[in-house]
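Chemist:
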Amino acid sequence: MWPLDLGRGGDVVRIGAHAVELWRGSSSGVAMVARELLPRRGSIYDASVLAEPLHALAARIERMRASVVLESAFAPVLLADTGGLLTNNPQIEALLRHRFGLAYGGEGTDVSTWKLRTGYRFGDRYALGFALAPAVESLLSEVGQKAKVVFTAWSPALAWSLDRFSPWRHWPERSGWWLWPEQDRSLLAFFDRGRVEMLNPALPAGDTVHEIEQSIAVEQIRAGVDVGDRPIGVAHWHAGDRPKGVSDRVTWFPVESMEVDAARAPGRKAQDLRAATP
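Here you go:
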């Protein structure tokens, strides 16, 4: 099973395709305290690139305990349509494993050995699934043992973001779009009544609010639906990563710091909601 995130205190190790980062929360905010670049782009097919950067980062971890946030390069995510016909967890797991096999399987990749995680509830039309390959799990365990660090929780980055921010709480009818940034892509999800109903797990990162709104329009066309001008939640790790521009539809969710942002959108104060200390 995945070691679950049972608390928000302590250090957080962010693991992405290009770097590993150490983030630390305090009473005044959340900030990155160390960053190690990977020697080459990492993925589920090449998890070994994490070993040396993670070991170097481990020396900076306080009390030798940290939770891990795995971006989708190392913990893939997808959304499966159940058709409304599946009624139990074994059926959902079989569907997710089949879908992960189609997306990531191939010679030398045995998806049947991957660990799966989902927040599916009976009655949901769609099942959001995350996967953890043995190579990634083994490497994290080996680095932890060698560095004498306890990784107390392993969370897929999208799941971590939803747990921290619960963006639908700020939307009418708990319906809107969630844009979550990763080092090599963005993830775009649509929520209705707090449940995910659309997902693009590999969206090119947009630098402006206009590009984000265009991507959402394209996503609706791709899915064959029109949900109107629903609210948009846009997260960003670093203050300098915030997409340029303003929109009445957008609420900002920065991970870094917890101070109120004074930026304004036309006609109103821009919303800027901070994460709880990780």
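When the letters of the sequence shown are read in order and numbered with the numbering used here, they come out as residues 610 to 887.
Beta carbons are placed, not taken as given, at the ideal position from N, Cα and C, and that holds for glycine.
Quantities reported herein were computed from a predicted structural model and do not represent experimental measurements.
(1) Mind checking who PHE800 pairs with in its DSSP beta bridge?
(2) From the DSSP output, read off the bridge partner residues of ILE624.
(3) Just list the beta strand (DSSP E) runs in the segment 710–747, keeping only unbroken ones of 3 residues or longer that don't cross its boundaries, in chain order.
(4) To which residues of the same chain is HIS627 closer than 8 Å at the C-beta, ignoring the five residues directly before and after it?
(5) Using 8 Å as the cut-off, can you tell me whether the segment 804–813 makes contact with the segment 685–694, which would need three or more C-beta pairs spanning the two stretches below that distance?
(6) Going by DSSP, which residues form a beta bridge with VAL639?
(7) Would you be able to state if there are at least three C-beta pairs under 8 Å between the segment 755–763 and the segment 665–678?
(8) Mind checking GLU630: buried by the 16 CB within 10 Å criterion, or exposed?
(9) Comparing alpha-carbon positions, which option in THR727, ASP655, ALA665 lies nearest VAL642?
(10) Tell me the rounded alpha-carbon separation between ARG726 and ARG831.
(11) Taking Cβ positions, are PHE683 and ALA656 nearer each other than 9 Å?
(12) Could you spell out where the alpha helix (DSSP H) holding ASP772 opens and where it closes?
(13) Can you confirm whether the segment 819–829 touches the segment 696–714 when touching is taken to mean that 3 or more C-beta pairs between the two stretches lie within less than 8 Å?
(14) Span of the alpha helix (DSSP H) holding ALA925?
(15) Please report the straight-line C-alpha distance between THR817 and TRP861, rounded to a whole angstrom.
(16) Going by CA-CA distance only, name the one from SER721, ARG783, HIS819, SER770 that's closest to VAL855.
(17) Do you know offhand how far TRP769's Cα is from PRO863's?
(18) What three-state label does DSSP hand TRP780 in the structure shown?
(19) If you reduce the DSSP assignment to three classes, tell me which class GLU791 lands in.
(20) If you count every other CB in all the chains shown that lies within 10 Å of the CB of GLY849, and 16 or more means buried, which is it?
(21) Confirm, please, whether the CB-CB distance from LEU659 to LEU788 is below 9 Å.
(22) In this structure, does DSSP put SER856 in helix, strand or coil?
(23) Spell out the partners DSSP gives VAL759 in its beta bridges.
(24) If the criterion is Cβ atoms closer than 9 Å, does the pair GLY738 and ARG708 meet it?
(25) Just reading off the alpha helix (DSSP H) that VAL818 is part of, what are its end residues?
(26) Run through the DSSP bridge pairs and tell me what ASP655 is partnered with.
Modeler: Checking against the coordinates, here is how it stands:
(1) GLY785, VAL805
(2) VAL629, LEU679
(3) 724–727, 735–741
(4) LEU646, LEU647, ARG650, GLY651, GLN792, ASP793
(5) yes
(6) GLY634
(7) yes
(8) buried
(9) ALA665
(10) 26 Å
(11) yes
(12) 766–774
(13) no
(14) Because the chain spans 610 through 887 in this model, residue 925 falls outside it and cannot be assessed.
(15) 13 Å
(16) HIS819
(17) 14 Å
(18) coil
(19) coil
(20) exposed
(21) no
(22) coil
(23) ARG674
(24) yes
(25) 818–832
(26) SER652
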